[in-house]
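Structure first, then comments.
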Amino acid sequence: MSAPLSLLSPTAGLSQHPCGYCSPPGERSALPTSISYGIHPRQLSCAAYQQMLDRGWRRSGAYAYKPDMGRTCCPQYTIRLEAPLLKKSKSQKQALKAWNRFVLEGEKGKGKEVDVDMDAGKKKKHKGRDNTPFDLKAAVHASEAAYMEQDTTPAHKFEVVLELASFSEDKFALYQDYQEHVHKDEEKSSAGFKRFLCHSPLIPEPIPYPRSPPSGLPQQYGSYHQKYIFDGELIALGVIDILPSCVSSVYFMYSSRFEQWGMGKISALREAMLAREMHEAGLEGLKYLYMGYYIHTCQKMRYKGDYSPSFLLDPEEYTWYPIASCLPLLDKHRYVSFAHPPEAGEARQIDVQKPIEPDMDEALDEEGYYDPLPRCTAGCEDPSAIEHDTRMKEVDMVLRQQGNTVTVGPVTKSKAWRVPTIRRMLCDAVATLGWHLSQQVVFSF
1 MSAPLSLLSP TAGLSQHPCG YCSPPGERSA LPTSISYGIH PRQLSCAAYQ QMLDRGWRRS
61 GAYAYKPDMG RTCCPQYTIR LEAPLLKKSK SQKQALKAWN RFVLEGEKGK GKEVDVDMDA
121 GKKKKHKGRD NTPFDLKAAV HASEAAYMEQ DTTPAHKFEV VLELASFSED KFALYQDYQE
181 HVHKDEEKSS AGFKRFLCHS PLIPEPIPYP RSPPSGLPQQ YGSYHQKYIF DGELIALGVI
241 DILPSCVSSV YFMYSSRFEQ WGMGKISALR EAMLAREMHE AGLEGLKYLY MGYYIHTCQK
301 MRYKGDYSPS FLLDPEEYTW YPIASCLPLL DKHRYVSFAH PPEAGEARQI DVQKPIEPDM
361 DEALDEEGYY DPLPRCTAGC EDPSAIEHDT RMKEVDMVLR QQGNTVTVGP VTKSKAWRVP
421 TIRRMLCDAV ATLGWHLSQQ VVFSF
């Protein structure tokens, strides 16, 4: 079966906007120090999006962006966790045990350790020091109703339900509560919630398990909502993408009433376990949890490095490096390529209290297109050289569309190629996506 057609509109281009990571607590800087390249995928195969992730891209709803690593104020490094080799930390183990104890025993379970023997399906209680070997997979599922024996009666009923991303009133109510009480943000609209966390350009595709997978595992690649239901109430929601090589964490929110339970740790371990279980079901290439971006310059984003073994994506060669080897470099340099670490004195520092040059207004050409100097940035091809590269003959775009049928052909054969602004947009898109991926997708205006 052929892969679904991926249609990308390169009209977004470079943008410069205030940064939410280096602003004072509770504020958002007015200075446009965050720089990224954006693109609008109209529809996207899961394999194509996997390749985008592996070049430092990320989606927000139906918009995809790639930080301009060399110039943005807070460089964002793609981070992934190798799920089958996950090593729990003390705090992660404690979060799981505390939650399991609460679900199984309720308030009276405090001060006790509760484990579940997954073979016998029995809960065991004991006081004092816990010398029981810790089974991470068992601990992740211990509190779920679907994994308990029929003769087990927990204090609360806890369920985890995986469904394709969609809107519902209870999801939106949870989002509003999370934004108001956790992020101290103003009330959000349902349209914004749908655009940000429900809409996705990913095309669902069957997952080619080599054998029948266990119940509860997804049957399709695509965008999902993982619902956490406590006594019939939606208390948390994970937005995830399931792709050929990974589970990609998009967003997580939880009810403010459950903030004490370390839901962020619990969700990360659960998402890692989903990747591990799909790997164990025969998907040898799917073994990672992509946790978004690691931002060393932002203290509140460093927690992602607490999950082991984790790796950071080199922003120039697009190869992976153990985070332990990256941290000493990030301590010294605002931006660094792990493949080509700078010699002493080569690091370029940026004063984030001043706008990054060139100024956006001064960088607009006569046609209103943002033309930064230099256009070439870290990890990208040189856009000025792409225009005359013979490989552009192998890059396709939509030439015409009639109903649901499109005619595609080389961009160099299109009338649009003769328009300087469009030609520049296409060259910038190829520069950031790379030749290999650009020759697999179809551009559309």
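The numbering of the sequence shown is full-length UniProt numbering, which starts it at 1 and goes up by one. Beta carbons: idealized from backbone N, C-alpha and C, even for Gly. Note that the structure is predicted; figures quoted are calculated from it, not measured.
Excluding residues up to 5 positions away in sequence, W99 lie with their Cβ nearer than 6 Å to the Cβ of W261 in the same chain. The segment 84-101 and the segment 37-48 do not touch, with fewer than 3 CB-CB distances between them shorter than 8 Å. Take the alpha-carbon of G70 and the one of H17: they are about 15 Å apart.
Around the CB of F158, 16 or more other CB atoms lie within 10 Å, so the residue is classed as buried. Non-local beta-carbon contacts of V408 in its own chain, meaning distances under 8 Å to residues more than five positions away in sequence, involve D396, M397, V398, L399, V442 in chain order. A residue is called buried once 16 or more other Cβ atoms fall within 10 Å of its Cβ, and G403, having fewer, is exposed. C-alpha of S36 to C-alpha of G20: approximately 13 Å in a straight line.
Per DSSP, Q440 has no beta-bridge partner at all. The alpha-carbon of D231 is positioned some 39 Å away from that of D54. Counted as a single uninterrupted DSSP element, the alpha helix (DSSP H) harbouring D177 occupies residues 169-181. Here M425 is actually not in contact with T412; their C-beta atoms are around 14 Å apart, not less than 8 Å. Here the segment 149-167 makes no contact with the segment 278-296; the two share fewer than three CB pairs at distances below 8 Å. With respect to the 8 Å criterion, V336 and E381 are not classified as neighbours on the basis of their beta carbons.
G106 is classed as exposed because its beta carbon has fewer than 16 other beta carbons within 10 Å across all chains shown. Straight-line measurement puts the Cα of Q176 at about 40 Å from the Cα of T405.
A direct Cα-to-Cα measurement between V250 and I229 gives close to 19 Å. Under the 10 Å beta carbon count, E259 is surrounded by fewer than 16 other beta carbons and is classified as exposed. By the C-beta density criterion, F102 is buried, having at least 16 other C-beta atoms within 10 angstroms.
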